[in-house]
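Visitor: Here it is, the structure in full.
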Amino acid sequence: MTTSTVDDSQRTAAKVAGFSLLFSMVIVVFANYALLNPLIIPGNAAETAGNILAHETQFRVAVTCFLAYSASVVVLLAALYVIFKPVNQGLAFVGALFRLVFALLWLLTTLNQLSALRLVHGATYLGLFEADRLQALGRFYLAANFDDYYVGLPFFGLGATICAYLWLKSNYIPKGLAAFGVISSAWCVICAFVFLIFPHFNKIVNDYWFDSPMAIFEMILSFWLLFKGLKPVGPHQAQAGVA
Numbered sequence: 630m631t632t633s634t635v636d637d638s639q640r641t642a643a644k645v646a647g648f649s650l651l652f653s654m655v656i657v658v659f660a661n662y663a664l665l666n667p668l669i670i671p672g673n674a675a676e677t678a679g680n681i682l683a684h685e686t687q688f689r690v691a692v693t694c695f696l697a698y699s700a701s702v703v704v705l706l707a708a709l710y711v712i713f714k715p716v717n718q719g720l721a722f723v724g725a726l727f728r729l730v731f732a733l734l735w736l737l738t739t740l741n742q743l744s745a746l747r748l749v750h751g752a753t754y755l756g757l758f759e760a761d762r763l764q765a766l767g768r769f770y771l772a773a774n775f776d777d778y779y780v781g782l783p784f785f786g787l788g789a790t791i792c793a794y795l796w797l798k799s800n801y802i803p804k805g806l807a808a809f810g811v812i813s814s815a816w817c818v819i820c821a822f823v824f825l826i827f828p829h830f831n832k833i834v835n836d837y838w839f840d841s842p843m844a845i846f847e848m849i850l851s852f853w854l855l856f857k858g859l860k861p862v863g864p865h866q867a868q869a870g871v872a
């Protein structure tokens, strides 16, 4: 007879984790590709500034979406901690901290965007600067979003690698899926560090391949947690998992 070692708090946390994973992916893709990127004209700070001023509400919605993304990451890390605490409390805590660092770096992204908006608006106290310089500075702050992401990516990847290992160890999800999570997350960490050292690495491996395998894993995982939940674990599996 198989006795489940998954309690109600873990089951609830699994649903919360599944929803927050899915929500965070949808909202960050929407904010980047539907709201922010169409306003940015590569190599043309003046036109970018004009687009932001002409579509300020759209720009501010993107800022709000990034804030919501950071909040959803905090919810996710809390849910994952509840799930993994019985498996390995120390690793669960470290994984949560890595994701928290990533969430905080996303808050820097929102501050960069608000700084860019202030510059292109050309407030009275910025009157000493020519308009083209303010536009260039605004574009500079938007470009800093790229740095924020790639500084945060190793932390996100490390957190995801730890969580994928705990999924594998716990037997809460299929082992094949968990193993794919470990490999794809570790790959993301390696790519992120290599890219920071060798900035032309993305000419060899496209940027999208850094985190796409990990994103695919987390998307599948989110649906699994929402519709399947945590697999019941037998007594012998539980002992092996926490050993």
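What the sequence shown shows, in the working numbering, is residues 630 to 872, in sequence order.
Virtual Cβ for every residue (Gly too), placed ideally from N, Cα, C.
(1) Would you mind giving the Cβ-Cβ distance between R768 and T677, rounded to the nearest angstrom? I have them listed as a contact below 8 Å.
(2) With a cut-off of 8 Å, do at least 3 Cβ pairs link the segment 654-672 to the segment 694-710?
(3) Locate the alpha helix (DSSP H) running through G786, then write down its first and last residues.
(4) Going by alpha carbons, who is nearest to G672 out of L706, Q764 and A732?
(5) Is the separation between the beta-carbon of L786 and that of M843 shorter than 8 Å?
(6) Pull up the distance between the alpha-carbon of V871 and that of Q687, whole angstroms please.
(7) Identify, in the order they occur along the chain, each residue of the same chain with its Cβ nearer than 7 Å to the Cβ of A807, setting aside the five sequence neighbours on each side.
(8) Considering Y837, what are the terminal residues of the alpha helix (DSSP H) in which it resides?
(9) Report yes or no: do three or more beta-carbon pairs, one from the segment 837-852 and one from the segment 637-644, lie closer than 8 Å?
(10) Tell me whether N774 is buried or exposed, calling it buried when 16 or more other Cβ atoms sit within 10 Å of its Cβ.
(11) State whether the segment 749-759 contacts the segment 715-722, with contact taken as three or more CB pairs (one from each stretch) at a distance under 8 Å.
(12) Hey, out of S699, A725 and V818, whose CA is closest to V711's CA?
(13) Using 8 Å for Cβ pairs, my map puts L771 next to Q742. What's the rounded Cβ distance?
Guide: With the structure as the only source:
(1) 6 Å
(2) yes
(3) A760 to S799
(4) Q764
(5) Correcting the residue type first, residue 786 is Gly in the shown sequence and not Leu. The answer is yes: Cβ separation under 8 Å.
(6) Unreliable placement is indicated for V871, whose pLDDT of 45 sits below 50; the coordinate value is still reported in the next sentence. Those two C-alpha atoms are separated by around 48 Å.
(7) A793, W796 and L797
(8) Y837 to F856
(9) no
(10) buried
(11) no
(12) A725
(13) 7 Å
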